[in-house]
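Read the structure below first, then the notes.
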Amino acid sequence: MTNEVTTFLLVEDDPNDVFFVENGFKKAPVNTRLRSVGDGIEAMRYLKGECEYADREKYPIPDVILLDLKMPRFSGFDFLEWLHSKSPNHQRLIPVVVMSSSAHKEDVERAYALGANSYLVKPVDWNEFRDRIQALGVYWAEHVETPQID
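Each residue of the sequence shown is one higher than the one before, starting from 365 at the first, in this note's numbering.
Here is the structure:
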């Protein structure tokens with residue numbers, strides 16, 4: 365096991381899903397830090413270091429982004445498009461895991477076409493959701509090398 369902390373940025377508008385993800389990470393046997401924002405606009409502000417997100421000790425650049433697709437104001441699709449075309453070049457390297465309740469072929473294909481690195485369909489069952497989140501945390505924190513982004 366590594367001693368380094370893997371930082372995840374959760375972009376999710378549903379408070380129940382935020383709760384499930386937070387609890388899944390707490391139970392995962394890895395050293396992670398989870399930050400969450402409620403939509404794609406807040407995620408852009410986080411990555412740009414605007415307003416309260418300027419404090420990089422408290423809000424570090426994430427190693428991995430966990431992204432819901434169906435959000436008001438600025439959807440996950442909108443965020444992926446921004447990240448891979450308008451964000452600073454070095455931030456375009458941050459891996460993005462889409463977490464959506466949609467298993468529609470069109471959504472999956474569009475997410476990958478816009479640069480998603482993985483697509484996880486959110487299970488309805490809480491225990492299964494928790495298990496997938498724990499496995500996701502272990503996979504990205506223990507088994508994958510992510511780019512160092514400053």
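Note that the Cβ used here is the ideal one computed from N, Cα and C, for glycine as well.
Whole-Å CB distance - Ile497 paired with His454, under 8 Å assumed: With 8 Å as the limit, Ile497 and His454 do not qualify as a contact, their Cβ atoms being about 27 Å apart.
Bridge-paired residues (DSSP) for Thr370: Looking at the DSSP assignment, Thr370 forms a beta bridge with Thr396.
Express the C-alpha separation of Lys434 and Trp504 in angstroms, rounding to a whole number. Computed Cα separation, rounded: 23 Å.
First and last residue of the uninterrupted alpha helix (DSSP H) at Ile324: Residue 324 lies beyond the residue range present for the chain, which begins at 365 and ends at 514; the question has no answer from this structure.
In the DSSP assignment, what are the bridge partners of Tyr483? Paired residue(s): Val462.
So, with DSSP's three-state summary, where would you put Val428? strand
If you draw a straight line from the C-alpha of Tyr476 to the C-alpha of Pro426, how long is it? 20 Å
Going by Cα to Cα distance, which pick from Thr510, Glu368, Phe384 is closest to Ser400? Phe384
Proximity below 8 Å, CB of Pro393 to CB of Val502: yes
Secondary structure of Asp471, DSSP reduced to three states: helix
With which residues is Val488 paired in a DSSP beta bridge? Answer is none; Val488 lacks a bridge partner.
For the segment 434 to 451 and the segment 486 to 496, state whether three or more C-beta atom pairs, one from each stretch, are separated by less than 8 Å. no
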